[in-house]
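Asks:
In my numbering, the protein residues as written are 9 to 254.
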């Protein structure tokens with residue numbers, strides 16, 4: 009069984025994709041999977057399904073929606089949804105949900121990074137990043153779920169990508185990293201950590217003038233958008249490049 013929320017919702021059993029239709033059922037499945045392995049209260053499920061505007065009789069409609077979801081998932085996957093006070097629990101194995109595989113690879117990659125095993129760290133962090141198939145909960149209609157989960161999940165992916173960049177820079181893979189770092193600066197234009205790694209990759213690729221230009225661009229963005237100068241880390245890196253101390 010393979011389940012996914014790091015992109016469009018997905019469920020597969022023995023290589024066969026299971027299609028879940030209906031907004032209510034998709035919201036229910038997403039609400040259970042983001043907390044897979046834990047019990048989700050009926051109140052939390054109701055908020056996810058109806059975006060905190062539950063109608064009269066929502067409890068009965070919730071039970072009906074869960075019954076339909078189980079039927080769509082089929083007997084094997086549907087049986088994983090079990091009643092557990094004060095709500096429901098989606099039982100998953102350690103490698104069945106992409107979010108759990110992402111977290112495990114990220115954890116192991118950071119442990120390798122901490123002990124200086126750059127190659128292992130790069131491999132594991134690349135594996136974690138590669139589990140993403142798009143935006144988290146991409147085709148889930150629930151605004152409440154997106155507000156609670158989408159941005160935190162994106163930030164967890166960004167942290168993995170930054171750690172991966174650190175491992176890659178230690179390995180001398182700056183040329184390989186540059187396209188992705190350039191894309192990250194467009195996706196996160198106000199995140200100084202991204203600009204710092206882009207500058208360092210450019211410098212290590214013998215493109216220091218472009219690294220200095222990247223600093224000027226980052227500074228313009230920060231001043232224009234939030235009215236602040238670059239922080240100490242970015243400033244120090246810039247100064248070290250100017251004095252050739254990197």
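All residues carry an ideal CB built from backbone N, CA and C; glycine is no exception.
1. Can you tell me which of the three DSSP states residue 60 falls into?
2. Please report the distance separating the alpha-carbon of residue 224 from that of residue 36.
3. Confirm, please, whether the CB-CB distance from residue 200 to residue 144 is below 8 Å.
4. Buried or exposed for residue 34, please, with buried defined as at least 16 other CB atoms from any protein chain shown within 10 angstroms of its CB.
5. Measuring CA to CA, which of 175, 90, 46 is closest to residue 123?
6. With residue 40 and residue 98 assumed to form a contact (beta carbons below 8 Å), what rounded beta-carbon distance in angstroms separates them?
7. I'd like the span of the alpha helix (DSSP H) that includes residue 209, first residue to last.
8. With distance defined between alpha-carbon atoms, name the residue in 151, 131, 148 nearest to residue 173.
9. Is the CB of residue 125 under 8 Å away from at least one CB in chain B?
10. Once the 5 residues before and after residue 38 are set aside, which same chain residues still bring their CB inside 8 Å of it?
11. Considering only residues of the same chain and omitting the five flanking positions on each side of residue 28, which have a CB-CB separation below 6 Å?
12. Can you name, in chain order, every residue of its own chain whose Cβ lies under 6 Å from the Cβ of residue 44, other than the five neighbours on each side?
Replies: Per the coordinate set shown:
1. coil
2. 47 Å
3. no
4. buried
5. 175
6. 4 Å
7. 200-212
8. 131
9. In the structure shown, chain B does not exist; there is a single protein chain.
10. 13, 17, 56, 145, 148, 150, 153
11. 34, 37, 80
12. 98, 100, 105
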